[in-house]
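Student:
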Amino acid sequence: MPADSMKRIAVLSGAGISAESSISTFRDHNGLWRTHRFEDLATPEAWQRNPLLVLEFYNVRRKQLFEVEPNAAHYALKRLEQHYHVDIITQNVDDLHERAGSTSVLHLHGELKKARSTGNPDLVVELTHWELKWGDKAPDGAQLRPHIVWFGEAVPNISPAIQIVKKADILLVIGTSLQVYPAAGLLGYASQHTPIYLIDPQATGHRDMDNIHLIRKKAGEGVPEIVEQLLTISI
Ligand code: APR
Numbered sequence: 004m005p006a007d008s009m010k011r012i013a014v015l016s017g018a019g020i021s022a023e024s025s026i027s028t029f030r031d032h033n034g035l036w037r038t039h040r041f042e043d044l045a046t047p048e049a050w051q052r053n054p055l056l057v058l059e060f061y062n063v064r065r066k067q068l069f070e071v072e073p074n075a076a077h078y079a080l081k082r083l084e085q086h087y088h089v090d091i092i093t094q095n096v097d098d099l100h101e102r103a104g105s106t107s108v109l110h111l112h113g114e115l116k117k118a119r120s121t122g123n124p125d126l127v128v129e130l131t132h133w134e135l136k137w138g139d140k141a142p143d144g145a146q147l148r149p150h151i152v153w154f155g156e157a158v159p160n161i162s163p164a165i166q167i168v169k170k171a172d173i174l175l176v177i178g179t180s181l182q183v184y185p186a187a188g189l190l191g192y193a194s195q196h197t198p199i200y201l202i203d204p205q206a207t208g209h210r211d212m213d214n215i216h217l218i219r220k221k222a223g224e225g226v227p228e229i230v231e232q233l234l235t236i237s238i
């Protein structure tokens, strides 16, 4: 099917889509913010106060990322590209969407396998090894920091994300508690005629939005199901 005639699907994913790949979520009963204080690990102040603790927090998560795989939900979203123009907007810092083969992935909160210069936020480097140490320098000679959007920092990719949602014919929202802005506000940019499917075992309705359909299932089951339905109707 010619690419320009394909319907557009926007996907907003959160930690829940990677839960079945053994990556911790943040606010579930065993989530990272249940056992850690984000104020000590994921803020610019934490980096100033104790950079070694912050580096260690991301090193542990990066080391695990090199050991896990995408799951059925990630692979189902790749299959969707057969008949739809699919743009993934993810809050996740893992690379599981990319490793499953999705060709359009926009990270709102950064990428765990990248680091950037503390002297120039636009100077970003790929990390091929899990450990980022104090003393590791960017090409400009400044200390490298995790390429993560910390609480209180700007979300530069929110503007292109808004444009993607505005143009979407269908919006899939997968595995996010929708508690962190501006990401959670993206739903409000979908046109009122755009069906929104919320895939999350704890999905709750939105009183003011009647175009929302709840799929109270884990991503590994719910995403392949909705993808097969969407592929069937697209033929
Ligand atoms: N399948 C689908 N959804 C799941 C699964 C699963 N197997 N397991 C858990 N969930 C759901 C939970 O019910 C919850 O609604 O995933 C959601 C995870 O919510 P959070 O832990 O808050 O993660 P997220 O919404 O991605 O957090 C947003 O907060 O800490 C910041 O920057 C961090 O990107 C993160 C942002």
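With my numbering, the residue at position 144 of the sequence shown is 147, and numbering never jumps. Where a beta carbon is used, it is the ideal one built from N, C-alpha and C, also for glycine.
1) State buried or exposed for L55, treating a residue as buried only when at least 16 other CB atoms are found within 10 Å of its CB.
2) Shortest alpha-carbon distance to I92 belongs to which of T121, L135, S16, P47?
3) Three or more beta-carbon pairs under 8 Å between the stretch 186 to 206 and the stretch 147 to 154, yes or no?
4) Using the Cβ count rule (16 or more neighbours within 10 Å means buried), how would you classify F69?
5) Please report how far the alpha carbon of E129 lies from the alpha carbon of V108, in whole angstroms.
6) Taking DSSP as the reference, what is the three-state secondary structure of Y61?
7) What residue range does the alpha helix (DSSP H) around H77 cover?
8) I'd like the list of long-range same chain contacts for V158, defined as Cβ closer than 6 Å, with 5 residues on each side in sequence excluded.
9) Straight-line CA distance for P142 to S21?
Tutor: Working from what's here:
1) The residue in question, L55, is exposed, as its Cβ has fewer than 16 Cβ neighbours within 10 Å.
2) Measuring from the Cα of I92, the nearest candidate turns out to be S16.
3) The stretch 186 to 206 vs the stretch 147 to 154: no contact.
4) By the 10 Å Cβ count, F69 comes out exposed.
5) Roughly 16 Å between the two C-alpha positions.
6) Shown here, Y61 sits in a helix according to DSSP, grouped into three states.
7) The continuous alpha helix (DSSP H) containing H77 extends over residues 75 to 82.
8) Result list for V158: L111, V152, P185, in chain order.
9) Cα-Cα distance, rounded: 32 Å.
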